[in-house]
Amino acid sequence: MSADTVTRTIAAAPAAPRAARPRMRWGSETIAGAIIVGGLIAVALLAPVLAPASPTAGDIGRRLFDVGTNGNILGTDGQGRDILTRLIWGARPALIGGITPVLIAGVIGTALGMIAGLAPRIGRSAIMRTLDVLYAFPAILLAVAIGAALGPGVVNSIVSLAVVLIAPIARVAEAEVLRVRSADFIDVARASGASRALIAIRQVLPNIAPTLIVYGTSLIGLAIVYSAGLSFLGLGVTPPEPDWGQMLNDLRQFIYDRPLLSLVPAAAILLASIGFNLLGDGLKRRLEVRDGEALL
Amino acid sequence: MLVSTLKRLAQSVPIMIGVAIVVFVTMKLIPGDPVAALLGPNSTPASRHALTERLGLDQPLPVQFGSWAISALHGDLGTSISLQRAVGPLVVGAFLNTLILLVAALLIALVGGIVLGTLSALRPSSVLGRFVRGFTLFTISIPQYTVALLLLLFAVETGLLPTGGMVTTGQSGPGTVLVHLVLPAIAASITPMGGIARLFSTALSDVLHQDFITSYRARGLAGAAVLRHAVHGTIPALLNITGLQVSYLLGGTLFIEVIFAWPGLGQLVFQAVSSRDYPVVQAGVLLSALVLVLVNVVVDSVHAAIDPRVRA
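Next comes the structure, spelled out in structure tokens:
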């Protein structure tokens, strides 16, 4: 072909498609979860503004009004306190009790998992075996035992849950590190003279982060349920501070006359849990991370 | 297989020792002086000193742990402070009741979970599949105590099933236990059912996408027969998740037992926590953890027995 024909042939060819950029498809799950979680955070932050009445001062003359009463749309509890108000204020300890232990356990667990994953065989065995001991306890019983030892209170509840969550997070982190560690770019980094710490932080961590973030999000849902459970058993938030789990235990005794009342905090806990689980599921699908769900 | 099981048992001994140490340390964390608590505020220093020596609390911690562990191995786990009875038989008896609840709940969860998981794996985009996925999300999110309360409400409102306890007063035998078992077992099975369903759905779906299934289909095998071949590949995952759910249930039945007044280990530990009866809490947690370690050994051994890829 003459040079002319070649040029015209090339010019006549359809333009090469633009380099395909993956479209951000967040998915309905993630959005639904984000809305619920966002709503919860908003309620918690805006509690002083949103709540119609006082969370701790009750009117005994108006005790045990059923759901749907004029003036107390979600009813009143045994001391005459408005349940809607206590529900709104209860979002704070729920979120704090759910997010803080996961953050603490996340930092410690990830660090342990990374050390274990990057360490020689002996070091890894030692760390993982020690964590296996914590893993051997049924989670709720361990939380209850530590909570019982430390006594009631939000801080103690956070500590117990954090201790319980360290081992599963460390396991996921270690498994991820082992997966990443054999990759070529790690060898390249080492060959270019990077120290082990630098490799760990700059190369390994960003690659294991998606799985850990997804796992952590679903653990927050679990932690909210557990911390409400601890309060239910009298071990977490102490009265008169409102807390969903404690409200549930408190209203349980009236289940024969006012069954709907105890369902209100239960619904709140359920909603919070579903929200974080949806978010975690959606993120997992979007980020296409491996299934860390099975570990707790 | 026997040798590897024994090896696993031997390997689990350090873990069991670790478990005992953790339980011991946890109880030592309790603030306050147990001797002062036992003798009251009017006790003299001499009597406090005498009791401290008698209880061995002046010994260094490793020695205290050693003597506690040795007595525990002999079955002496101390005396319950509130009930004034030997802790050992108390805890073991309660544990057996929990075991009944646990096995029943696990069976329901397995059957329900496998059915739901199969539906979700076979028809992922259909209305049924989406409903199942939503339902399993709901079941893993709902707290145990909420399900228990809902079922208790059902029992109270309809009067069809008993609202608590393990037997109807005056009766005995398996009949009355079974009637009382229905609601607590269903309550306890809901969350594990969701977990099993989700995992089984993923596992089955993975197996169904493998080449050998395609080759079967290409040769004309259809429907239920294909499923039969596929189920084989899901058994390791099923074993894994069952072990995990046993772990969850060992603690999770606590709320069910409290709400339904089922006289199991969970209720015992809860009452002991409320009455600061630490020997009982200690023994209860220790027993649960040790049982869990054994369960894991069994699950791992069975897994290795049926799946050669797992054998080290």
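Chains as they are written, first to last, in my numbering: chain G, 1030 to 1325; chain P, 1472 to 1783.
From the three backbone atoms N, C-alpha and C, an ideal C-beta is built for every residue, glycine too.
Remember, it's a predicted structure, so these values are computed and weren't measured experimentally.
Coarse secondary structure for residue i, derived from DSSP in three states
i                     : result
asparagine 1099(G)    : coil
alanine 1557(P)       : strand
threonine 1550(P)     : strand
leucine 1758(P)       : helix
alanine 1695(P)       : helix
tryptophan 1733(P)    : coil
methionine 1276(G)    : helix
glycine 1641(P)       : coil
glutamate 1270(G)     : coil
phenylalanine 1094(G) : coil
asparagine 1513(P)    : coil
tyrosine 1255(G)      : helix
isoleucine 1706(P)    : helix
glycine 1635(P)       : coil
leucine 1765(P)       : helix
arginine 1287(G)      : coil
alanine 1776(P)       : helix
serine 1083(G)        : coil
glycine 1263(G)       : coil
phenylalanine 1726(P) : helix
arginine 1314(G)      : helix
proline 1077(G)       : helix
proline 1294(G)       : helix
glutamine 1282(G)     : coil
aspartate 1529(P)     : coil
phenylalanine 1566(P) : helix
aspartate 1088(G)     : coil
proline 1750(P)       : helix
Delimiting residues of the alpha helix (DSSP H) encompassing residue i
i                 : result
proline 1516(P)   : 1516-1526
serine 1676(P)    : 1645-1679
glutamate 1058(G) : 1056-1074
tyrosine 1687(P)  : 1682-1689
alanine 1491(P)   : 1473-1499
glycine 1537(P)   : 1532-1544
Backbone CA spacing between residue i and residue j [nearest angstrom]
i                  : j                  : result
glycine 1182(G)    : serine 1083(G)     : 21 Å
asparagine 1767(P) : leucine 1234(G)    : 31 Å
proline 1122(G)    : aspartate 1272(G)  : 6 Å
valine 1131(G)     : threonine 1240(G)  : 14 Å
isoleucine 1298(G) : serine 1746(P)     : 27 Å
leucine 1581(P)    : glutamate 1058(G)  : 27 Å
arginine 1092(G)   : leucine 1280(G)    : 12 Å
arginine 1050(G)   : lysine 1313(G)     : Model confidence at arginine 1050(G) stands at a pLDDT of 49, short of 50, so the residue's coordinates are unreliable and nothing is read from them.
valine 1534(P)     : arginine 1525(P)   : 14 Å
arginine 1200(G)   : alanine 1223(G)    : 26 Å
threonine 1550(P)  : valine 1558(P)     : 5 Å
aspartate 1771(P)  : histidine 1545(P)  : 28 Å
isoleucine 1242(G) : isoleucine 1156(G) : 22 Å
serine 1686(P)     : serine 1591(P)     : 23 Å
arginine 1669(P)   : serine 1597(P)     : 16 Å
tryptophan 1118(G) : serine 1189(G)     : 23 Å
threonine 1129(G)  : glutamine 1482(P)  : 34 Å
aspartate 1161(G)  : isoleucine 1486(P) : 7 Å
leucine 1316(G)    : leucine 1739(P)    : 44 Å
Other residues of its chain near residue i: CB distance less than 6 Å, five sequence neighbours each side excluded
i                 : result
leucine 1264(G)   : Gly1176, Pro1181
valine 1490(P)    : Ala1760
leucine 1679(P)   : Ala1701
glutamate 1322(G) : A caution first: glutamate 1322(G) carries a pLDDT of 45, below 50, which makes its placement in the model too unreliable to give a value.
Cβ-based neighbour list, residue i, same chain, cut-off 7 Å, excluding 5 preceding and 5 following
i                 : result
glycine 1735(P)   : Ala1565, Asn1568, Thr1569, Leu1572, Thr1724, Glu1728
threonine 1523(P) : Val1506, Asp1529
valine 1773(P)    : Leu1710
proline 1103(G)   : First, the amino acid is wrong: residue 1103(G) is leucine here, not proline. Contacts found: Val1096, Ile1112, Leu1113, Leu1116, Val1293.
valine 1638(P)    : Thr1647, Val1648, His1651
alanine 1061(G)   : Leu1307
Neighbour flag for residue i against chain A, beta carbons, 8 Å
i                : result
tyrosine 1244(G) : Of the protein chains in the structure, G and P, none is chain A.
Close Cβ partners of residue i (< 8 Å) along its chain, the five nearest in sequence each way excluded
i                  : result
proline 1633(P)    : Ala1626, Thr1639, Val1650, His1651, Leu1654
methionine 1472(P) : Ser1772, Ala1775, Ala1776
alanine 1148(G)    : Ile1156
Counting only runs of 4+ residues fully inside the segment 1575-1633 of chain P, write out the alpha helix (DSSP H) ranges in chain order.
1598-1612, 1615-1629
Sequence ranges, alpha helix (DSSP H) only - wholly within the segment 1099-1164 of chain G, length at least 4:
1112-1118, 1120-1147, 1150-1164
Every unbroken alpha helix (DSSP H) within the segment 1170-1244 of chain G, with a cutoff of 4 residues, ordered by chain:
1183-1210, 1213-1220
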